[in-house]
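Each remark here refers to the structure printed beneath this line.
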Amino acid sequence: MELICPAGTPAAFREAVDAGADAVYCGFRDETNARNFPGLNFSREELRTAIAYAKQRKVMTFVAINTFMRAGQETLWHQAVDDAVALGADAVILADFGLMAYTVERHPQQRLHVSVQASASNADAVRFLVEAFAAKRVVLPRTLTIADIARLAKQIDCEIEVFAFGGLCVMAEGRCSLSSYATGKSPNMNGVCSPASHVRYRQDGRELVSELGDYTINRFPAGEAAGYPTLCKGRFDIAEERGYAFEDPVSLDVMDHIDALRAAGVSALKIEGRQRGKAYVAEVVSVMRRALSASVAERPALVARLKALSEGQKTTTGAYEKRWR
Amino acid sequence: MTTTASPSKPTLSLGPVYYLWDGPKWRDFYFRIADEAPLAHVTIGEAVCSKRLHFIEPHVVEVIERLESAGKQVSLTSLALVTLERESQLVRGLSRDSTHPIEANDLSALQLLTGKPHSIGPLVNVYNGATARLLASRGATSICLPPELPMASVRGIIEETPAVAFEIFAFGRVPLAISARCAHARSKGLIKDNCQFVCAEDPDGLTVETLDRQPFLALNGVQTMSHTCQALIQELPELAVAGASRIRLSPQHCDMLAVARAFDDTIAGRCSTAEGLARLGSAYPGASFSNGFHHGQLGATWLSAKAGTEKEAVQHRP
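Chains as they are written, first to last, in numbering that gives the first Met the number 0: chain A, 0 to 324; chain B, 0 to 317.
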């Protein structure tokens, strides 16, 4: 299985390449990608340099252009595809059907991967993308169990990439406007979720309150570590119950299931984390690289190291296991 | 804005009931809609959770008959999230056997309906004209645009895609997200696979409040909806000018007949938008209305029409 690694900066990109990535994915510094955070992502020139660095070391570069084209502003997205192709991207990762159609028409030789944001969660959906756009690989939404993935792999003529480690969307990706509802900034149109520009922390007596826009997302009593107010990882009240309504502040870790994913027919494992620093990227990529080729006896120690790198030290296998539902 | 010929008036459409209502209640709702509501199109069926289908199945045939004999055009919705083999089979069966048009709400339905006339529901991502044209080339004849689209996008997409009838999500809690996990079951100490259909206890959704007791969202099984009810009634004239063909009302647990009549009278000019809005308030007591998405603001916001085109943000603080 290939190891697909995140890079939000040129420095992280080089670290990922050096640490053993098979491919590094990244995006342009604008709304065309789903990690459009301040201080992140690549200029055209930075991407040119990064791709050259990767190619010399036989590492692939995938360019994520995985938000949805805003009507009237399509040029921004078209230009991103044209430039990624011209700069030598090994694949473009797309979510918008209109942009896929554009890419197939203008750049028929370009390898096209389907972003998780497209929400292709079953065999007929994948067939749609293969027939309409000649998609070569699909990144599966985090809604499927390993058994579902194995069954799906047998039915489609397309490679499968799955998320293995890092942040976890609770909602089907690309189909969530929670952030847009609370802040006006849309994951699908602006490439942001729970944006830092709308985050505020305030002290209320002995509690630290985290807010997103006008909404309280969590309250932390003295002594409890305060997390970032990602909307779907907040604490809420439902009737008389108080708690994490959608998901605890956990991250995804399916490294205990590497063999099952390989047996299921998965071609590539993806690490989430373009917003992470280069040291984190280097560490996760190198440990995962070793875990992929380690013997069964060596693996637990490596998996334990990865767990220590997870946010809050708490991890989940998410939808990969049925009981999560 | 220059106006030439007056735009043709959009017709009214009723989206599927997103909540779990018991079978007889569901049937009686549609019987009343058939007999009395000024609606041209009605989409029925289960979009949210495949586990719920058996509640409405015994009544589907009689509901369709009643709606059609009242002159309504009936479509059937496909599931929004298809992951299990059983769910794939359901969508395949529906696409193959249905004698009624299907509203596609996920990518599998897009594939299975290729080449047949069909409609696209609000849960398929259509954010631009290129996507709308691609779907039209595969057989889509009408598209209900995603509720989070601002007016600028709505106008642009309609302009670029003359062959398609566009529908606007104008009334109802906004479907904001869908998950493999059932937060509704989880809130009552259960999981999806053993949910005991607890979502039926909340026929208008289960309110999620912030820790400061501010109503925020509503759970509906695996779907998360807005707490506010989107209400695009002040915006009807500009939607008509932009060329919107249909105005979609999404059923809430309220007096939907009165809602439909308020929209119908407003579109026809029999009442003012202010009066139409007041009638929505009476039809759905206690509801907080929002229209922020349409105006490119946060979705939860309400902007009230003031003196012509000037609008002022009024944040809902229930």
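Note that CB positions come from ideal geometry on N, CA and C, so glycine has one too.
Check whether the Cβ atoms of residue i and residue j lie closer than 8 Å to each other.
i, j, result
"A/Arg28", "A/Phe12", "no"
"A/Arg261", "A/Met59", "no"
"B/Thr82", "A/Ser120", "yes"
"A/Ala20", "A/Val284", "yes"
"B/Val16", "B/Pro236", "no"
"A/Arg141", "A/Leu111", "no"
"A/Thr182", "B/Thr209", "no"
"B/Arg180", "A/Val169", "yes"
"B/Val73", "B/Leu80", "no"
"A/Glu158", "A/Lys135", "yes"
"A/Arg150", "B/Glu147", "no"
"A/Ile145", "A/Ala293", "no"
"B/Ala304", "B/Ser289", "no"
"B/Thr76", "B/Gly120", "yes"
"A/Ala326", "B/Ala182", "This structure leaves residue 326 of chain A out entirely; chain A is present only between 0 and 324."
"A/Asp291", "A/Ile270", "Position check: residue 291 of chain A holds Leu in this sequence, whereas Asp was assumed. In this structure, A/Ile270 does not lie closer than 8 Å to A/Leu291 by Cβ."
"A/Phe127", "B/Leu109", "yes"
"A/Lys232", "A/Glu210", "no"
Is residue i helix, strand or coil by DSSP?
i, result
"B/Ile266", "helix"
"A/Asp81", "helix"
"A/Ala328", "Because chain A in this structure spans residues 0 to 324, residue 328 of chain A falls outside the shown range and cannot be described."
"B/Cys198", "helix"
"B/Ala230", "strand"
"A/Cys231", "helix"
"B/Pro174", "strand"
"B/Met150", "helix"
"B/Ala312", "Below a pLDDT of 50, predicted positions are generally treated as unreliable, and B/Ala312, at 39, falls in that range; no measurement from the model is reported."
"B/Thr10", "strand"
"B/Tyr17", "coil"
"B/His117", "strand"
"A/Phe36", "coil"
"A/Thr8", "coil"
"B/Ala286", "coil"
"B/Ile190", "coil"
"B/Ser141", "strand"
"A/Arg275", "coil"
Is there a C-beta anywhere in chain B that falls below 8 Å from the one on residue i?
i, result
"A/Arg126", "yes"
"A/Asn32", "no"
"A/Ser179", "yes"
"A/Lys321", "yes"
"A/Thr142", "yes"
"A/Met254", "no"
"A/Val169", "yes"
"A/Thr316", "no"
"A/Arg304", "no"
"A/Phe27", "no"
"A/Asn40", "no"
Taking CB distances under 8 Å as the criterion, tell me whether residue i reaches chain A.
i, result
"B/Asn104", "no"
"B/Thr42", "no"
"B/Pro57", "no"
"B/Leu19", "no"
"B/Met0", "Residue placement at B/Met0 is poorly supported in this model, since its pLDDT is 43, which falls under 50; the coordinates are not used for a value here."
"B/Asp327", "Absent from the structure is residue 327 of chain B, since the part of chain B shown begins at 0 and ends at 317."
"B/Ile190", "yes"
"B/Lys126", "One point to set straight first is that residue 126 of chain B is Tyr, not Lys, in the sequence displayed. Cβ-Cβ to chain A under 8 Å: yes for B/Tyr126."
"B/Ser178", "yes"
"B/Gly155", "yes"
"B/Gly298", "yes"
"B/Ala129", "yes"
"B/Ala312", "Reliability of the predicted coordinates at B/Ala312 is poor, the pLDDT of 39 falling under 50, and the value obtained from them is presented with this limitation in mind. False, the Cβ-Cβ gap to chain A never drops below 8 Å."
"B/Ala230", "no"
"B/Glu147", "yes"
From the DSSP secondary-structure annotation, give me the bridge partner or partners of residue i.
i, result
"A/Ser309", "Answer is none; A/Ser309 lacks a bridge partner."
"A/Tyr214", "A/Leu211"
"A/Tyr200", "A/Ser209"
"A/Asp236", "A/Arg241 and B/Glu208"
"B/Arg91", "In DSSP, B/Arg91 forms no bridge with anything."
"A/Arg136", "A/His112 and A/Glu158"
If you measure from the CB of residue i, is any heavy atom of the ligand NAP nearer than 7 Å?
i, result
"B/Pro15", "Among the components of this structure there are no ligands whatsoever, and the ligand NAP is therefore not found."
**Message:** Counting beta carbon pairs with one atom in the stretch 236-248 of chain B and one in the stretch 12-19 of chain B, are three or more of them shorter than 8 Å?
**Reply:** yes
**Message:** Using a Cβ distance threshold of 8 Å, determine whether the stretch 125-141 of chain B contacts the stretch 88-97 of chain A, with at least three qualifying pairs required.
**Reply:** yes
**Request:** Could you tell me whether the stretch 237-256 of chain A touches the stretch 153-165 of chain A, where touching means 3 or more Cβ pairs closer than 8 Å?
**Result:** yes
**Message:** Whether or not the stretch 253-266 of chain B and the stretch 22-42 of chain B are in contact is what I'm after, with contact meaning three or more pairs of Cβ atoms, one per stretch, closer than 8 Å; do they touch?
**Reply:** yes
**Message:** Taking 8 Å as the cut-off, does the stretch 224-240 of chain B touch the stretch 271-285 of chain B (at least 3 CB pairs, one atom from each stretch)?
**Reply:** yes
**Prompt:** Does the pairing of the stretch 268-278 of chain A with the stretch 315-322 of chain A give three or more beta-carbon distances under 8 Å?
**Reply:** no
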